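Chains as they are written, first to last, in my numbering: chain A, 1 to 346; chain B, 1001 to 1367.
Every residue, glycine too, gets a C-beta built ideally from N, C-alpha and C.
The structure displayed is predicted, hence computed values, not measured ones.
First up is the structure itself, then whatever we jot down about it.
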C-alpha cells in the first residue's frame, strides 16, 4: 500500500478562490470524476470540502484556456451573472437560480464553483407533468425570469436542459451565454430555442429574449415534443392565453415576466435590495454632476470651446465690425446733411 | 555629382518648431545630411543627383528625414521628417501614474491598437514621426506584450521619459502627438522634464485599482492589507507643478481606472466592459455617462486622491480600461494579452484637443 499517496488523498487539495462578494476563500477539497459539457470546452465535476460541503466545479483545461482564450467565455459569462445576482439578492438568494459559490478565472486553469444542481432537466419530464404541476412549473419559471430581469441579466440560453425541475421549483442553470441588458447580442444561429433577433445576433440583449425561449420551454414541457415550434395554433385556450404575444417578433411586444405571472394569478414580490453601497455610489454620481456644473456653468460656454467653433465666432465678429462701420457711415451722412441743412438756414 | 542638403532644402519654408521627442525649439528644416528610412536597410544617407527634376525632388523630400539638432543635447539621436514644419504644433501627452499603475502596459496596448487601425474609424491617418524610434518601440514594448504575453519593464520611479510619437492626420490637418511616461518625482528638475511641463498639451492619469480600491486580484475585495492612501504622489506633483488650485487647469485630461479586468464582475464595470464600440463616432453623452460611473466607483471607495484631476482640470473624462485583460503569472500572462477599451481615453483627448474636429468633439468633457 502506498501510504504517502493515501495520506495525500485523505488530506485533500487546497482550492483558493474568491466568493461572489469578493472575499478570499481557501478550502481543502476532494474531487469527484469529471465530465465534459456537450458542445463546449467547459468540464464539470463535483468538489467536496473537508467541511462536507459538495459543490459543482466547472473549468477549462489549462492547455485549451491558453491556446483558445475564447474557450473561457462561458465561464466569464457565468461568473458575471452569478456576481450580479449575488450582489442583488445577497442573503435572500432565490432557489430558482443556480448560485455562484466562487471563482478564479485568472489562473492557468480557470474555474468556478456552483451550488449543487437540483432536480432534473425539464426535458426529462416533458409531457409528463400533471395540470397542477404544470401550473406550478410555469409560475416558478416566470418567477425565475422576474428575478433575472431584476438583476438586468438575460440568460440568453434557456432550453429545457438549462431549466431544471424538482417537482416544486425550477432551477435555472448554465449561464454560459448570459448577458447584461444592453450587451450586443451574440449570434446563436444553431439554437432553435432562441428568438429571431438572437439567432441573427442583431441588436442588444433584452429581457424579452428570455421570454421567447421560456415560451419554447413551456411548449416542450407541456407537449413533450422535443422540437417545439414558436406557434400557438392548435394549442388549448389556457396555453394560448398564457403565452399570448410571447412569440411576437418585436421584443417590445412580448409580455414581461411580471405580466406572465399576473396571467397565472401569481405574486410578483421581489426581496428588497441591499442599498448601503449603492447609496454611496449614487451619491458619487450626484457629486460628479455637481462638480461638472461648477466647471461648466449653464451660461454661454461657446467662447471656451476649442478650435472647430472659432471660425463661426470670427465671422460673427466680422459681421459686427461691418454693422458698426455701416452705422458710422450713416451717422456721418446724417451729421453732414444736418450741418448743411442748419448751415444753409442761418 | 549630388546636391548638398542645403541645396536640396532650397525653397522650403523655414519656421520655428518644437520637436515632440526632445521638446527643444529650433528653426526647421535645417541640417547637413538628408536620410531615408528603408524598412530593412535602416536609415541611409540620401543622395539626390544635381539638376534633378523639381517634381521628383519634392517627392523625395516628402519622405526624407533630418537629424533633430536637439540644442539642449540631452536626448539620444532622433530624426524628424523634412516636412515637419508644415505640421501643427505638437500635442505632448503625458501618462501620469506611479510605477505599478500599468502606464507602460497601457501605452503599449494603445500603440498596438493604433497599429491595427484603431483610429481609422475616426477618420484619422497615423504615421510615425521617427520611423526608427517607432519601430524600436514596437519591437521592444509592443511585441513582447501583445504577441508574446510577456510583462514589459515599467519606467523607473521619478523618471519622465519619451515613449513614442505619431503624426495624426485628420480633416483639421496633421498634428504630431508625442507620448511621455511620467512617474512624477523629478519634475522639479530642469531640462527635459521642465520642458515637458511647459509644453504638455494633454494628460492621461493612470489609476491602479490595487492602490486606489485595494483590489489586488480579480474580484478580490477582502479586507485591505494596508490603509487606503489619501494621495497619489505622481498625480500631486504633476498637478501642483502645472499650478492647480487657484483656477481650473486648461490641460485636457483623461483619468483611466486601469486593470479594470479585476473589476469586470463588479457593477458598473460589468456593464461598461461589453459596451459595443461607437463605430468611429464621438459620443459626448456616453463619455459623460462612463465618466460619471468611474467617478462614482472611486468615490464609493473613498479614493478621492485619484479624483483630483477631475476637480482640477476643466475638461476631464474618466474611463475604465485594461491594458492586458488579465493578471500575470510571474512575468507572463498565461491566457495571453487582450487589451480592453484602451483607445477610448486617447480618443477623448484627441476630441478635447481638436485633433478630432467637430461639434461633438467640442462637447466632450463639457457639461
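Min CB distance residue i to chain A below 8 Å
i                       : result
residue 1335 of chain B : yes
residue 1267 of chain B : yes
residue 1320 of chain B : no
residue 1235 of chain B : no
residue 1276 of chain B : yes
residue 1287 of chain B : no
residue 1222 of chain B : yes
residue 1065 of chain B : no
residue 1332 of chain B : no
residue 1175 of chain B : no
residue 1037 of chain B : no
residue 1005 of chain B : no
Residue nearest to residue i in terms of C-alpha spacing, selected from the options
i                       : options                           : result
residue 1179 of chain B : B:1126, B:1209, B:1324 and B:1107 : B:1107
residue 173 of chain A  : A:180, A:283, A:164 and A:181     : A:164
residue 27 of chain A   : A:41, A:54, A:43 and A:34         : A:54
residue 285 of chain A  : B:1091, B:1360, B:1248 and B:1290 : B:1290
residue 187 of chain A  : A:175, A:216, A:204 and A:171     : A:204
residue 1196 of chain B : B:1358, B:1025 and B:1232         : B:1025
residue 113 of chain A  : A:101, A:33, A:221 and A:216      : A:101
residue 1322 of chain B : B:1316, B:1147 and B:1105         : B:1105
residue 222 of chain A  : A:195, A:123, A:254 and A:212     : A:123
residue 193 of chain A  : A:143, A:209, A:185 and A:25      : A:209
residue 1364 of chain B : B:1308, B:1311, B:1252 and B:1276 : B:1252
Proximity test, Cβ basis, 8 Å: residue i and chain B
i                      : result
residue 99 of chain A  : no
residue 296 of chain A : yes
residue 347 of chain A : For residue 347 of chain A there is no data in the structure shown, the boundaries of chain A being 1 and 346.
residue 293 of chain A : yes
residue 87 of chain A  : yes
residue 154 of chain A : no
residue 318 of chain A : Since pLDDT at residue 318 of chain A reaches only 41, below the 50 mark, its modelled position is unreliable, and no value is offered.
residue 207 of chain A : no
residue 284 of chain A : yes
residue 22 of chain A  : yes
residue 347 of chain A : Residue 347 of chain A lies beyond the range of chain A shown here (1 to 346); nothing can be said about it.
residue 79 of chain A  : yes
Span separating the alpha-carbon of residue i from that of residue j
i                       : j                       : result
residue 1325 of chain B : residue 105 of chain A  : 11 Å
residue 207 of chain A  : residue 1121 of chain B : 31 Å
residue 1288 of chain B : residue 1313 of chain B : 15 Å
residue 1067 of chain B : residue 1130 of chain B : 10 Å
residue 94 of chain A   : residue 147 of chain A  : 8 Å
residue 1095 of chain B : residue 1241 of chain B : 15 Å
residue 1021 of chain B : residue 1162 of chain B : 6 Å
residue 1134 of chain B : residue 1079 of chain B : 11 Å
residue 308 of chain A  : residue 1151 of chain B : Interpretation of residue 308 of chain A is limited by its pLDDT of 41, a score under 50 that renders its predicted location unreliable; the figure taken from the coordinates is listed afterwards. Cα to Cα, residue 308 of chain A sits roughly 41 Å from residue 1151 of chain B.
residue 1229 of chain B : residue 1215 of chain B : 13 Å
residue 1167 of chain B : residue 1081 of chain B : 10 Å
residue 1257 of chain B : residue 1367 of chain B : 21 Å
residue 92 of chain A   : residue 1331 of chain B : 42 Å
residue 235 of chain A  : residue 1328 of chain B : 56 Å
residue 1219 of chain B : residue 1265 of chain B : 7 Å
residue 156 of chain A  : residue 1139 of chain B : 42 Å
residue 310 of chain A  : residue 1171 of chain B : At residue 310 of chain A, the pLDDT of 32 sits below 50, so the modelled position is not reliable; the number obtained from the coordinates is stated separately. Answer to the nearest angstrom: the Cα atoms are 16 Å apart.
residue 961 of chain B  : residue 1273 of chain B : This structure leaves residue 961 of chain B out entirely; chain B is present only between 1001 and 1367.
residue 1093 of chain B : residue 1299 of chain B : 26 Å
residue 1137 of chain B : residue 76 of chain A   : 33 Å
residue 1315 of chain B : residue 219 of chain A  : 56 Å
residue 154 of chain A  : residue 64 of chain A   : 27 Å
residue 1350 of chain B : residue 1085 of chain B : 21 Å
residue 312 of chain A  : residue 1353 of chain B : Residue placement at residue 312 of chain A is poorly supported in this model, since its pLDDT is 33, which falls under 50; the coordinates still yield a value, given next. The straight-line gap from Cα to Cα measures roughly 18 Å.
Closer than 7 Å: residue i CB and nearest the ligand SAM heavy atom
i                      : result
residue 124 of chain A : This structure does not include the ligand SAM; it has no bound ligands of any sort.
Interface positions of the segment 1120 to 1151 of chain B facing chain A (Cβ-Cβ less than 8 Å), listed along the chain: Per Cβ criterion, the list is empty.
Which runs of the beta strand (DSSP E), 3 residues or longer, sit entirely within the segment 1079 to 1118 of chain B? If you keep only unbroken beta strand (DSSP E) runs of at least 3 residues inside the segment 1079 to 1118 of chain B, you get 1079 to 1081 and 1091 to 1096.
Output the residue ranges of the beta strand (DSSP E) runs that lie fully inside the segment 142 to 170 of chain A and measure 3 residues or longer, sorted by chain position. Fully enclosed beta strand (DSSP E) runs of 3 or longer: 163 to 165.
Contact residues within the segment 39 to 69 of chain A, judged by C-beta distance below 7 Å to chain B: Residues passing the 7 Å Cβ filter: 65, 66 and 69.
Please list, in chain order, the residues of the segment 226 to 260 of chain A that have any C-beta partner in chain B closer than 8 Å. Correct list: empty, as no residue qualifies.
Just by C-beta distance, which residues in the segment 154 to 186 of chain A are closer than 8 Å to chain B? Contact residues of the segment 154 to 186 of chain A toward chain B are 179, 180, 182, 183 and 184 (C-beta to C-beta distance below 8 Å).
Runs of alpha helix (DSSP H) wholly within the segment 1213 to 1283 of chain B (minimum 4 residues, chain order): Within the segment 1213 to 1283 of chain B, the complete alpha helix (DSSP H) segments at least 4 residues long are 1233 to 1241 and 1269 to 1272, listed from N- to C-terminus.
Any alpha helix (DSSP H) of 4 or more consecutive residues that is wholly inside the segment 56 to 84 of chain A: 62 to 67, all fully within the segment 56 to 84 of chain A.
Using a beta-carbon distance cut-off of less than 8 Å, what residues from the segment 1295 to 1309 of chain B approach chain A? Cβ contacts with chain A: 1295, 1296, 1297, 1298, 1299 and 1300.
Alpha helix (DSSP H) segments (min. 4 residues) lying fully within the segment 228 to 306 of chain A: Here the runs fully enclosed are 237 to 242, 257 to 263 and 276 to 295.
Alpha helix (DSSP H) segments (min. 4 residues) lying fully within the segment 1278 to 1356 of chain B: 1284 to 1300, 1308 to 1312 and 1343 to 1352, all fully within the segment 1278 to 1356 of chain B.
Please specify which runs of the beta strand (DSSP E), each continuous and at least 3 residues long, are wholly inside the segment 1134 to 1174 of chain B, giving them in chain order. As summarised for the segment 1134 to 1174 of chain B, the continuous beta strand (DSSP E) elements at least 3 residues long and confined to that stretch are 1160 to 1170, given in chain order.
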